[in-house]
Amino acid sequence: MKWSETYIPTLREEPTEAEIISHKLLVRAGYIRKLAAGVYNYLPLMQKVLLKITQIVREEMDRAGAQEILMPVLHPAELWLATKRWETVGKELMKMKDRHLRDLVLGGTHEEVVTHLIRGELRSYRQLPLNLYQIQTKFRDEIRPRFGLMRSREFIMKDAYTFDADENGLKTSYQKMVDAYFRIFERCGLETKKVESDTGAMGGKAAHEFMVMVETDGGENVIFACDNCDYAANIEKAISIEPSERESKEAEKPLQKVSTPNMKTVEEVTGFLNVPARKLVKTLLYKADGEVIAALIRGDRQINETKLKNSLKVIELEMADAVTVQRITEAQVGYAGPVGLKGVKLIGDKEVLNLTNFVTGANEDGFHLTDVNIDRDFKLDAVADIRSATLDELCPKCEKGRLKTAKGIEVGNTFMLGTKYSEALNATFVDEHGQEKFFIMGSYGVGITRTAQAAVEKFHDEGGIIWPVPIAPYLAEIVPVNFQDEKQRETALEIYHKMQDKNLEVLLDDRNERAGVKFNDADLIGIPLRITIGEKSLKEGKVEVKVRGSQATVSLRKDEVLEGFLKILSEIESTGKESTKT
RNA sequence: CGGGGUGUAGCGCAGCCUGGUAGCGCACAUGGUUUGGGACCAUGCUGUCGGAGGUUCAAAUCCUCUCACCCCGACCA
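Quick look at the structure:
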């Protein structure tokens with residue numbers, strides 16, 4: 001393709017709409033343009049990248065025995081009502097009405113539709129397992145779309161669904177998908193880490209996320225990984241086990257009420273009373289499916305709402321508003337405590353059990369209690385792991401290593417769903433004993449658009465994008481320094497046509513721009529190899545090949561360009577593969 | 001949803017406080033000189049000042065409403 005015949009609107013200046021580097025680069029390099037908040041146009045270069053990724057995904061899905069289908073984007077509300085996800089997915093579900101005012105959903109995932117599809121027609125265990133997938137635009141009404149394609153309201157996803165006769169079948173199907181996912185991302189030039197995750201509104205038994213680890217701001221997810229074993233989980237899931245260092249069991253002291261005027265935060269109270277934050281217990285009031293509950297957690301810890309939600313088995317969980325807090329505690333926000341709190345279920349974090357003589361709010365403006373003790377002063381209704389894991393805490397799996405944190409971009413996820421959807425939609429088959437049984441399902445997603453941006457977040461420099469070879473929009477860009485010069489133009493066209501004849505994807509910068517503009521644009525759009533044709537080397541019958549992201553250039557005789565080019569290409573492809581394995 | 005901010009040419013911005021001819025840079029067009037890392041000269045084109053209403057002789061500017069977009073928050077009592 002000639003630059004003059006395609007559409008690559010590069011920008012000299014950084015776009016103001018973008019915050020993270022990959023978003024800035026995709027806009028600047030002419031890959032994407034925004035239409036509305038979280039809604040993007042994919043320009044020619046982007047479309048090429050997306051097609052490369054979908055092709056890899058397709059090949060690996062097919063290899064894993066999945067069948068490609070295409071389901072509707074538009075779903076009737078009834079299906080979503082049947083599985084209760086009309087409520088549980090809640091506001092993230094993109095809803096609309098047709099002219100008859102019937103409710104419709106723009107699909108963000110297709111468990112309901114695929115289950116409805118096979119219901120009644122997939123009847124025998126002999127037809128199992130079955131794996132159906134599609135690659136399609138999805139919709140999610142994100143609370144706050146941001147970071148370009150990372151969190152958008154409309155995006156492209158590959159979603160696959162497996163149907164099995166029993167749990168062992170699901171395990172096998174699941175493992176096949178996991179293996180396929182590692183292959184997909186490796187082929188895209190991306191090393192991924194598989195981490196345990198919460199199942200959330202998706203439901204089911206177990207779930208994993210595939211993360212591209214990055215050190216930039218684009219890494220939205222915090223993950224914990226053991227430095228000794230293979231345990232890895234995201235922050236919502238990472239399990240905290242019993243604290244290794246138990247608090248010394250000092251003798252219980254008598255309860256005291258102390259004046260703490262205008263001290264509301266943990267820092268203010270602990271600073272004033274001169275006690276460490278770990279000796280204070282925060283009392284956090286929540287509305288859990290409409291009922292007010294209190295969560296107790298150490299002052300130096302973060303509550304984990306996902307864990308709290310799961311331990312309470314509720315769908316909606318939100319912090320109680322100030323009015324509710326005042327009604328329950330009869331005090332301003334900042335003075336809540338478990339002692340004497342009435343009509344509210346108390347959930348304590350496991351760690352709180354180890355505390356003696358701690359500080360809490362007094363449920364009275366300007367007062368806290370010191371030397372509070374569980375059982376003597378109040379009783380807990382439940383104890384659970386409801387805090388977020390912290391750096392260096394003991395690994396819950398091997399109990400030897402320490403948990404380290406890292407940032408990742410979630411590019412894929414896998415869910416062992418079980419029978420949640422088949423039961424809700426009454427999808428059954430007949431097993432070998434003639435028994436009606438619910439399908440055991442699994443669901444598997446790959447964010448195609450997000451994978452593309454993750455690659456940019458991972459591979460770039462000051463000059464622009466550095467695409468991994470397998471997903472680059474073009475393999476090579478030919479840059480004649482001066483396209484007006486007849487010799488340069490002829491050489492450029494000759495090489496261009498030779499490469500096209502060999503089906504090598506090549507971009508020829510035929511614009512009448514100065515060399516600097518063309519070099520900068522070449523760096524920006526990130527094509528792996530640049531073939532430079534200039535006056536000096538052309539006098540010796542040579543052209544230069546430069547690898548994007550490295551300073552080295554190789555001079556090649558122009559009649560050897562093709563062979564030399566292919567050699568360099570195979571070299572960088574193999575180094576790329578090695579680096580993804582480390 | 002709460003808080004903050006921004007909407008002026010394709011892009012980036014100034015002008016608004018203190019009402020009175022709508023500007024700058026880039027881009028774009030034409031001609032010329034140039035051509036190995038974002039050239040230069042000349043000429044030219046480009047606007048319902050986000051929208052609606054109001055105040056005024058007069059509104060980009062002041063007031064009211066509204067829409068869109070961006071950032072922070074929506075767990076740390």
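Residue numbers for the first sequence follow this note's numbering, so the first one is 1 and each next one is one higher.
All C-beta atoms in this analysis are idealised placements derived from N, C-alpha and C, irrespective of residue type, glycine included.
Buried or exposed: residue i, going by 16 or more other Cβ atoms within 10 Å of its Cβ?
| i | result |
| --- | --- |
| Lys421 | Reading off the sequence, residue 421 comes out as Tyr, not Lys. It counts as buried. |
| Leu556 | buried |
| Lys48 | buried |
| Gly148 | buried |
| Glu316 | exposed |
| Ser240 | buried |
| Cys398 | exposed |
| Thr582 | In this predicted model, Thr582 has a pLDDT of only 32, less than 50, meaning its place in the structure is not dependable enough to derive any value. |
| Lys309 | buried |
| Lys536 | exposed |
| Glu490 | exposed |
| His208 | buried |
| Leu74 | exposed |
| Thr283 | buried |
| Lys567 | exposed |
| Asn134 | According to the sequence as given, residue 134 is Gln; it is not Asn. The residue in question, Gln134, is buried, as its Cβ has 16 or more Cβ neighbours within 10 Å. |
| Asn503 | exposed |
| Leu170 | buried |
| Thr306 | buried |
| Glu196 | buried |
| Val446 | buried |
| Leu394 | buried |
| Ser579 | At Ser579, the pLDDT of 46 sits below 50, so the modelled position is not reliable; the number obtained from the coordinates is stated separately. Flag for Ser579 reads exposed. |
| Asp227 | exposed |
Please name the residue in the options whose C-alpha comes closest to that of residue i.
| i | options | result |
| --- | --- | --- |
| Ala206 | Leu122, Val49, Gln500 and Asn413 | Asn413 |
| Arg119 | Met177, Phe438 and Asp377 | Phe438 |
| Tyr7 | Ile572, Leu508 and Asp431 | Leu508 |
| Glu68 | Glu78, Val114, Thr88 and Thr83 | Val114 |
| Met326 | Gly516, Thr88, Lys487 and Lys342 | Just to set this straight, residue 326 is Gln in the shown sequence, not Met. Out of Gly516, Thr88, Lys487 and Lys342, Lys342 has the C-alpha closest to the C-alpha of Gln326. |
| Asp375 | Asp300, Val275, Leu255 and Ala180 | Leu255 |
| Ala251 | Arg12, Asn373 and Ile465 | Asn373 |
| Val281 | Thr306, Ala336 and Lys249 | Ala336 |
| Lys379 | Gly464, Leu43, Val339 and Lys24 | Val339 |
| Phe199 | Leu170, Glu432, Glu167 and Lys237 | It is Thr, not Phe, that sits at residue 199 in the sequence shown. Comparing Cα positions, the closest option is Lys237. |
| Asp289 | Leu312, Leu26, Thr10 and Trp3 | Leu312 |
| Cys188 | Arg144, Leu346 and Pro470 | Pro470 |
| Arg58 | Lys539, Ala180 and Leu504 | Ala180 |
| Val39 | Phe139, Met177, Ala277 and Ala424 | Phe139 |
| Lys24 | Ala66, Asp461 and Gly541 | Asp461 |
| Asn482 | Val275, Val105, Glu457 and Val517 | Val517 |
Going by DSSP, what residues sit across from residue i in a beta bridge?
| i | result |
| --- | --- |
| Ser256 | The displayed chain sequence assigns Gln, not Ser, to residue 256. Thr370. |
| Gln136 | Met157 |
| Leu76 | For the record, residue 76 in the displayed sequence is Pro; it is not Leu. Paired residues: Leu104. |
| Ser124 | Val430 |
| Cys226 | Leu403 |
| Met213 | Gly408 |
| Ala232 | Ala225 |
| Ala251 | Answer is none; Ala251 lacks a bridge partner. |
How would you write the range of the alpha helix (DSSP H) that residue i sits in, first residue to last?
| i | result |
| --- | --- |
| Met177 | Glu167 to Arg187 |
| Tyr496 | Glu486 to Asp501 |
| Arg521 | Sequence check: residue 521 is Asp here, not Arg. Ala515 to Ile525 is the extent of the alpha helix (DSSP H) around Asp521. |
| Asn304 | Run containing Asn304: none; DSSP gives neither H nor E here. |
| Pro480 | First-last for Pro480: Ala476 to Pro480, but that is the beta strand (DSSP E), not the alpha helix (DSSP H). |
| Thr414 | From DSSP, Thr414 is part of no alpha helix (DSSP H) but of the beta strand (DSSP E) over Leu403 to Gly418. |
| Asp62 | Pro44 to Arg63 |
| Leu25 | Ile21 to Arg28 |
| Leu190 | First-last for Leu190: undefined, no H or E at that position. |
| Ile328 | Ala322 to Thr329 |
Tell me which residue opens and which closes the beta strand (DSSP E) that residue i is part of.
| i | result |
| --- | --- |
| Pro338 | No beta strand (DSSP E) holds Pro338; DSSP gives it neither H nor E. |
| Ile533 | Leu529 to Ile533 |
| Met96 | Met94 to Lys97 |
| Ser550 | Here Ser550 belongs to no beta strand (DSSP E), and DSSP marks it neither H nor E. |
| Gly442 | Ile440 to Gly447 |
| Arg33 | Ile32 to Ala36 |
| Phe358 | Phe358 to Gly361 |
| Arg298 | Glu291 to Arg298 |
Practice prompt. Examine the Cβ distances between the region 447-460 and the region 147-166 and report whether three or more of them are shorter than 8 Å.
Written response: yes
Worksheet item: Counting Cβ pairs, one atom from each stretch, are 3 or more of them under 8 Å apart for the region 522-531 and the region 428-442?
Response: no
Worksheet item: Does the region 471-478 come within contact of the region 487-506, defined as at least 3 CB pairs closer than 8 Å?
Response: yes
Worksheet item: Quick one: any contact between the region 210-230 and the region 400-417, if contact means 3 or more CB pairs under 8 Å?
Response: yes
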